[in-house]
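Each remark here refers to the structure printed beneath this line.
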Amino acid sequence: MFKNAIKDNCVLEVEYKKAGKEIETKIIRPHTVFSNGFTYYVYITYDELNEDNIGEERTFAFNAIGKIKPVNYLNNEVLKKVQKGNAYGSFKKDKFVLLNLNKYSANFFKREILFNNDAYEIIDEDFGTESITVKMYYNSIFEIVKIIQQWMPQIKIQNDSELKQEVYSIIQKNISNLLEE
Numbered sequence: 000m001f002k003n004a005i006k007d008n009c010v011l012e013v014e015y016k017k018a019g020k021e022i023e024t025k026i027i028r029p030h031t032v033f034s035n036g037f038t039y040y041v042y043i044t045y046d047e048l049n050e051d052n053i054g055e056e057r058t059f060a061f062n063a064i065g066k067i068k069p070v071n072y073l074n075n076e077v078l079k080k081v082q083k084g085n086a087y088g089s090f091k092k093d094k095f096v097l098l099n100l101n102k103y104s105a106n107f108f109k110r111e112i113l114f115n116n117d118a119y120e121i122i123d124e125d126f127g128t129e130s131i132t133v134k135m136y137y138n139s140i141f142e143i144v145k146i147i148q149q150w151m152p153q154i155k156i157q158n159d160s161e162l163k164q165e166v167y168s169i170i171q172k173n174i175s176n177l178l179e180e
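Each residue of the sequence shown is one higher than the one before, starting from 0 at the first, in numbering that gives the first Met the number 0.
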C-alpha cells in the first residue's frame with residue numbers, strides 16, 4: 000500500500016498507535032519505506048489536513064499502523080524522497096559520534112556486513128591491531144547508549160566530549176539500576 004501511495008503521490012489517512020497511548024488518526028504523506036532487518040518503517044510528513052504537527056517529518060513503524068485509506072492524490076508534488084536513517088528519523092550529516100571498535104567487535108561487524116548500514120562510515124582501519132574507527136550517525140543518544148552498552152568494553156567513544164560523558168553516565172545508571180533489583 001505504501002509503495003503504491005508513494006509512487007502515485009497519494010496522501011493517506013492512517014490509524015497509528017504509539018506504545019501506551021490511544022489510537023490516533025493521522026493524515027500523512029509517505030516518502031520512503033525501509034527496514035532495519037526486523038521492522039519495516041515509512042518516513043512520512045504530516046499533511047496540512049492533519050490536526051497538528053503539520054509539516055513535521057518522522058517515521059511510522061508498520062506494526063503500529065492500523066487502518067489505511069487514501070485521502071487525495073497530489074498532481075504537482077512528488078512524495079518519493081531518498082532518505083537515509085533509522086527508526087528515529089533521517090540522519091543529519093552533522094550529528095555523529097566517532098567509535099573505536101577493537102578487533103573482536105570489528106571482525107563481527109565486518110563478518111555480519113553491518114557496515115553496509117547507512118548509520119556507519121569507516122574512517123580508519125588499523126591492520127596491525129585489526130581495530131576500526133567509524134563515524135556513527137544517530138538521531139537519539141539512546142542509539143549510542145545501546146551499541147556501547149551492548150558491546151562494552153569492545154566499542155568505545157573515541158574522543159572526550161560532553162556526549163561521551165552523557166552516554167557513559169546513562170550506562171552507569173543503567174548498570175546501577177540493574178544491580179539494585
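Just so you know, even glycine gets a beta-carbon here, dropped at the ideal spot from N, CA and C.
A quick note: this is a predicted structure, and the numbers were derived from the prediction, not measured.
- Spanning the alpha carbons of Asp7 and Asn75 requires a straight line of approximately 11 Å.
- Counting only the Cα atoms, Lys17 lies some 42 Å from Glu129.
- With contacts defined as CB atoms closer than 7 Å, Tyr119 and Phe90 fail to qualify as a contacting pair.
- Per the coordinates, the alpha-carbon of Ile27 lies some 10 Å from the alpha-carbon of Phe59.
- Restricting attention to beta strand (DSSP E) runs no shorter than 3 residues, the region 37 to 111 encloses them at 39 to 45, 56 to 60, 64 to 72, 95 to 100, ordered along the chain.
- DSSP links Lys172 through a beta bridge to no other residue.
- Straight-line measurement puts the Cα of Val13 at about 7 Å from the Cα of Ile64.
- Distance between Lys145 and Asp123, taken at the CA atoms: about 22 Å.
- Under the DSSP assignment, Phe33 falls outside any alpha helix (DSSP H), being part of the beta strand (DSSP E) whose first and last residues are 22 to 34.
- With a 10 Å radius around the Cβ and a threshold of 16 neighbouring Cβ atoms, Phe61 comes out exposed.
- A straight-line Cα-Cα distance of about 12 Å links Thr132 and Phe126.
- Just measuring C-alpha positions, the residue of Phe95, Asn115, Glu55, Lys25 sitting nearest Asn49 is Lys25.
- Between the alpha carbons of Gly88 and Asn138 lies a gap of roughly 7 Å.
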